Structure formats: structure tokens, C-alpha cells
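Everything on this sheet refers to the single structure shown next.
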Amino acid sequence: MARNVRWTETAINDLKEVAEFIGKDSQYYAAAIVQEARAAARFLRTFAERGRVVPESNDPNVRELFIRSYRLIYKITPTHIYILAFVHGARDLDSLWKRHGGPEQAGA
0 MARNVRWTET
10 AINDLKEVAE
20 FIGKDSQYYA
30 AAIVQEARAA
40 ARFLRTFAER
50 GRVVPESNDP
60 NVRELFIRSY
70 RLIYKITPTH
80 IYILAFVHGA
90 RDLDSLWKRH
100 GGPEQAGA
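So for the sequence shown, numbering that gives the first Met the number 0 puts the first residue at 0; every next one is plus one.
Okay, structure coming up:
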């Protein structure tokens, strides 16, 4: 079943920040990471269960894909895939969620 993919404002800002950070050294690699993240999100339309359950979450519908050293975190609902965050794998996800409302920020 194909679902619509929606990026949350937080995830959009995360992706922009990552691109800006990488872009300080290489515009080429900044564009490449953005393309990879967007392609992975599109792929989730039909293969939403592809990612693993986020260990910090108690929700089996909150999953992640790794893109290089970054985590594309998303939530599966019956009709949509909500991209919640795009963060470096070393980031403390619990503190990030406290600041941004956690995985509950996406519609259920």
C-alpha cells in the first residue's frame, strides 16, 4: 500500500542544517546527502516497514533508516509516512525529542 510522505518542519530544518554544515566543506557532498535523504523518504511510500524500530521509542511505528552517518526517523500511520527528524547518529535523541515534542508531533 502506497502512503503519502510528509516531512515535518523539524525534519526539513534538520536536513537544511545538515546540508549547510556539510556544505562548508563540499557543496557536492551536501547536495548528495540531501538527494539520498529525499530518495530514501520517497522509497518509504511503498516499503515503510523497511527501517528498524527506533530503540529510544516504545512505538513500533517509529522507525529509522541510516543514510551515511545520519538517522532518517519516521512514523508510519495508516495513510502517511511522517519524516520526524534527520539527525547525526551520535546525537542524543531523547533530549532532541524533549525539545521538539517527540514522535507524537506527527498525526496519528
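Backbone N, C-alpha and C define an ideal beta-carbon position, used for all residues, glycine too. Values in this document were obtained by computation on a predicted structure and should not be read as measured data.
Query                                                                                                                                                                    : Result
Drop a sphere of 10 angstroms on the beta-carbon of E63, count the other beta-carbons inside from all chains shown, and report buried for 16 or more, exposed for fewer. : buried
Can you tell me whether DSSP reads F85 as helix, strand or coil?                                                                                                         : strand
For the pair the segment 1–10 and the segment 75–87, tell me if three or more CB-CB distances fall below 8 Å.                                                            : yes
So H87 and R2 are in contact, right, with Cβ under 8 Å, and what is the actual spacing, rounded?                                                                         : Actually they do not touch by this definition, with Cβ atoms about 26 Å apart.
Whose CA, out of V33, A10, K74, K23, lies closest to the CA of R44?                                                                                                      : K74
Since L43 is in the beta strand (DSSP E), which residue starts that stretch and which ends it?                                                                           : Counting along the chain, L43 falls outside any beta strand (DSSP E), and DSSP gives it neither H nor E.
Mind checking E16: buried by the 16 CB within 10 Å criterion, or exposed?                                                                                                : exposed
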